Amino acid sequence: MTTFEQVPVFQCEFEDDRTGLSKETIKRALADNLFYIQGKVPATATPNDYYMALAYTVRDRMLQRWFKTTEVYTKKGVKVVSYLSAEFLLGPHLSNNLINLGIYDLVRQVVEESGLDFVQLREIEEEPGLGNGGLGRLAACYMDSLSTLEIPAIGYGIRYEFGIFDQEIRDGWQVEITDKWLHLGNPWEIPRLEETIEVKFGGRTEAYYDEKCRYRVRWIPDKVVKGVPYDTPISGYNVNTVNTLRLWKAEAPESFEFQAFNVGDYYGAVNRKVVSENITKVLYPNDELMKGKELRLEQQYFFVSCSLQDMIRLHLQKGESLETFHQSFAVQLNDTHPSIGVAELMRLLVDEYEIEWDQAWQITQNTFGYTNHTLLPEALEKWTLSLFKNLLPRHLQIIYEINQRFLGQVRAKYPNDSDRLARLSLIDESGEKYVRMANLASVGSHAINGVAALHTELLKRDVLGDFHELWPEKFSNKTNGVTPRRWIVVSNPLLANLITRKIGVDWISHLEDLKQLEAFIEDAEFRREWRQTKQDIKGYLATYIKENHGIEVNPESLFDVQVKRLHEYKRQHLNVLHIITLYKRIKDNPNIEITPRTFIFGGKAAPGYFMAKLIIKLINSVGDVVNNDPDVRDRLKVVFLPDYNVRFGQRVYPAADLSEQISTAGKEASGTGNMKFAMNGALTIGTLDGANIEIREEVGEENFFLFGLTTEQVYELKSKGYNPWDYYHNNPQLKQVIDLISSGFFSHGDTNLFRPLVDSLLYHDPYMLFADYQSYIDAQDQVNQAYRDQEHWTRMSILNAARMGKFSSDRAILEYCQEIWNAVPVKIELEEYIQGRA
Ligand code: F58
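Read left to right, the sequence shown gives residues 0 to 837 (numbering that gives the first Met the number 0).
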């Protein structure tokens, strides 16, 4: 039994096949589920059938807690956190649930005693890739922490039929493949058909006077779509709480089809059905780039309307009036994607429930909180008025009304300041007119937060500067965090065991306890074990790379890892410039002493982002040359591992020695990969950007490799007039590296292939790679030196992990609860319920 496995919190007094935790019961349940749910006997069962039977066996053991949790929330009338997010990047459920339930080793044993291969079954699970990257994964970590902290919560989102695309690499280029994650069924979800909700689209509005002669508006849509909820249980670690993630699927209502059938328009009806159901077909794979696609606004409105209607239904069921809605739900907007919710809640309250505007507005503002995740101007959401008017005519009117009242307040506070009015307005009128969703979210929320200290400061100064001046009290920082359950216990059981043997299991839900590891820093045996653990994990990754990608890597070499979405601001190409610099040193002097390194990359590029795709090609092309040059003598290896996803993250974070966090200062809002690496004992090479700054503060500057311009220096240099040519001409090393790429050396003599990339650097370099190049190379040289002293490196590695307490998502969620949501834990007790049921 792993030492972090605790006695399951809930031990049933009687053993039934759905709840029992004895080996015999679980074994029988597995066989029963195979037969009765999968309809298979061992002779015909595929590994997937066994996986499904196993998943149902685990889900069964969550159901009582799930029911009980929901029941307590309803009966006690507690305040519920409602996390609205267009993305939840959950990753595989099986291991995570087993860990949270405290039955990982038990179930593993049962599976193996049943003659099955546990690891094979675990790996069969298709991960729900319902997100692009950090933002979606953050939502998943927060759901885990909410349950673990016993906070009543519900996650609302979209059940995309196709999640983030699968990535293949062909001839060094990214190729996108559709992600058919549902093709073999999803055992973790339960559709709740009876709780289906209707959502309207398009059409027109009509003014009228009601029976009390009040002016009212009604919306006559031209399309209605059904939202069907699919619920997934979200277990907490070592508690009974099982919260719900409710994802909506779009379906066409039958009534519309019948109408069409009656007039003989069969194809038209089917087509309308297809169009309606398209809403939740596919996740938009753009990362940090706003594209004004109508379907995306439809997706956003669809899931937000379903969710708010659902919350109102739950609230009214308690017998409460809507005036107290904000006391029942704290709704958090995960970026602006759900911000249409501000106008939708107003519409529901004013049009459908006949609440006066002023009161409705108070309820709305008290309900919403808004988290911003980006400062990049190209990522800020805005929708043209014409698109808005076509799809959501009533909401546009409501937005105008909100705007008029809001600008009235601004005018009163700042008379004769038309520039300020133009900047604060919900409508951008500088050219083609747009609705600015960040402004809508800011006006409609009582709290606005950034996701790391620097990011929040920049938000207050720049992007939302005028809002901050107006309402400083609304702003606060909530530095991101990640869940140690998935990112240490599930992904790195060897390290988790070592830690637990030293300090007990409490760190898993109190990450600040990792500090206790510092007491063992002088213990040579502990350091040896730590080093050996890292070595073993690196060995597993090396074997995986060999088996899956045919590349031999040396587990003794320094594993230097950059995994994240491909984006110019994240500067994967700066990493490549370093690789070429080292390669050049070897070519100039083949016997040079060099610290052997394996460079590991992973990440997807948005399908339409040419430059990001070219960077992938460059990484692979440089890899081809470096990996096959006999002069290198295997001292350097470059691998781009395709299809980076949560599962692969679980494999790679634990194996890293060096974590690359090298974005241009001021561009990465927070980063969360940086936290996952450090928790697993990797050292960071990074800029003063996002949460890197806070990580460095925690781990100590002597345990962090810092380089590059600060945010202020970036602004200063830009405003002075940044000229990348100066760096190119003044730094011979940099010039050689760039010239080598331009010469076609990595592209079989083709001097055109990488020209767009090189030209972009030479003529614009918007992310200032050249300005940071030398400082980066110097820091990397320090990394090489440091790695040679393994004793010292191990100390730094231990200190990094030991000082990561702050970056648990539990800490972040507690801050949200106390400072924004006003939500408190509610204990879920089981005994009574079980007895009642018995
Ligand atoms: C990320 N944003 C930030 N956006 O880039 C990262 O620094 C931060 O740590 C993380 O959020 C969590 O706060 C991000 O992942 C997206 O993926 C959006 C998806 C939808 C389109 C626009 C980008």
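The C-beta atom is built at its ideal place from N, Cα and C for all residues, glycine as well.
All figures in this text were calculated on a predicted structure; none of them were measured in a lab.
For residue j and residue i, believed in contact at Cβ under 8 Å, the rounded distance
| i | j | result |
| --- | --- | --- |
| I661 | N574 | 7 Å |
| W247 | C305 | 5 Å |
| G128 | N644 | 6 Å |
| L739 | K583 | 7 Å |
| L576 | Y772 | 6 Å |
| I447 | K473 | 5 Å |
| A655 | V560 | 4 Å |
In DSSP terms, what residue i is bridged to
| i | result |
| --- | --- |
| K666 | BP columns for K666 are empty, so no partner. |
| F598 | D559, V637 |
| Y369 | L332, I447 |
| E122 | None; E122 has no bridge partner. |
| G132 | None; G132 has no bridge partner. |
| P232 | T243 |
| R107 | DSSP output for R107 lists no bridge partner at all. |
| W172 | R169 |
| V80 | A152, A329 |
| A249 | G226 |
| S808 | Bridge partners of S808: none, in fact. |
| L88 | G128 |
| R217 | E205 |
| I157 | W247 |
| L657 | D559, L682 |
| Y866 | Summary: the structure shown does not reach residue 866, with the chain confined to residues 0 through 837, and so no result is reported for it. |
| Y433 | T383, D427 |
Buried versus exposed call for residue i [16 or more other C-beta atoms within 10 Å across all chains shown]
| i | result |
| --- | --- |
| L192 | exposed |
| G135 | buried |
| E322 | exposed |
| K290 | exposed |
| P408 | Here residue 408 turns out to be Gln, not Pro, going by the sequence shown. Exposed, because fewer than 16 other Cβ atoms sit within 10 Å of the Cβ of Q408. |
| S441 | buried |
| S320 | exposed |
| W382 | buried |
| T580 | buried |
| L513 | buried |
| W172 | exposed |
| Y72 | buried |
| A329 | buried |
| R564 | buried |
| F301 | buried |
| D725 | exposed |
| Q817 | exposed |
| F219 | According to the sequence provided, residue 219 is Ile. The question's Phe does not apply to it. Result: exposed. |
| L756 | buried |
| E380 | buried |
| Y82 | buried |
| W820 | buried |
| A837 | Because A837 sits at a pLDDT of 30, beneath the cut-off of 50, its placement in the model cannot be relied upon, and the following sentence gives the value as read from the coordinates. Result: exposed. |
| R570 | buried |
Short CB-CB distance (under 8 Å) between residue i and chain B
| i | result |
| --- | --- |
| I507 | Absent from the structure: chain B. Only one protein chain is present. |
What beta strand (DSSP E) runs, 3 residues minimum, are completely inside the segment 470–521?
-> Runs found: 474–476.
Please list the segments of the alpha helix (DSSP H) lying wholly inside the segment 377–431, counting only runs of 4 or more residues, in order along the chain.
-> Runs of the alpha helix (DSSP H) spanning 4 or more residues and lying entirely within the segment 377–431 occur at 384–390, 392–412, 417–423, in chain order.
Evaluate the contact criterion for the segment 473–491 versus the segment 638–658: three or more CB pairs, one atom per stretch, below 8 Å.
-> Segments in contact, yes.
In the segment 676–750, which residue ranges form an unbroken beta strand (DSSP E) of at least 3 residues, counting only runs that do not cross its ends?
-> Runs of the beta strand (DSSP E) inside the segment 676–750: 682–685.
3-residue-minimum beta strand (DSSP E) runs that sit fully inside the segment 178–215, ordered along the chain | Counting only runs of 3 or more, we get 196–200, 203–208.
Counting pairs of Cβ atoms below 8 Å between the segment 620–636 and the segment 732–748, do you hit three or more?
-> Yes: at least three Cβ pairs fall under 8 Å.
The segment 217–232 / the segment 241–253 touching (three or more Cβ pairs under 8 Å) = Pairwise C-beta distances place the segment 217–232 in contact with the segment 241–253, as three or more of them are shorter than 8 Å.
Three-pair Cβ contact test at 8 Å for the segment 442–453 versus the segment 687–704 | Yes, the segment 442–453 is in contact with the segment 687–704.
May I ask you to verify whether the segment 327–341 touches the segment 412–426, counting CB pairs closer than 8 Å and requiring at least 3?
-> Under the Cβ criterion (8 Å, minimum of three pairs), the segment 327–341 does not count as touching the segment 412–426.
Does the segment 111–124 touch the segment 150–162, meaning 3 or more C-beta pairs lie closer than 8 Å?
-> At 8 Å Cβ cutoff, the stretches do not touch.
Is it true that the segment 689–709 meets the segment 765–785, where meeting means three or more beta-carbon pairs spaced less than 8 Å apart?
-> Of all C-beta pairs linking the segment 689–709 to the segment 765–785, three or more are shorter than 8 Å, placing the two stretches in contact.
Using 8 Å as the threshold, is the segment 457–473 in touch with the segment 492–506, meaning 3 or more CB pairs across them?
-> The segment 457–473 vs the segment 492–506: no contact.
Count the C-beta pairs between the segment 359–375 and the segment 259–272 that are closer than 8 Å, then say yes if the count reaches three, no if not.
-> No, the segment 359–375 is not in contact with the segment 259–272.
Say whether the segment 470–490 touches the segment 87–99, bearing in mind that this needs 3 or more beta-carbon pairs closer than 8 Å, one atom from each stretch.
-> For the pair of segments examined, the segment 470–490 was found to touch the segment 87–99: the number of CB pairs separated by less than 8 Å reaches three.
Examine the Cβ distances between the segment 52–60 and the segment 29–40 and report whether three or more of them are shorter than 8 Å.
-> The segment 52–60 is in contact with the segment 29–40.
Flag this pair as touching only if the segment 660–680 and the segment 197–209 have three or more C-beta atom pairs under 8 Å; answer yes or no.
-> Segments in contact, no.
Would you call the segment 500–508 and the segment 533–548 touching, i.e. three or more CB-CB distances under 8 Å?
-> No contact exists between the segment 500–508 and the segment 533–548.
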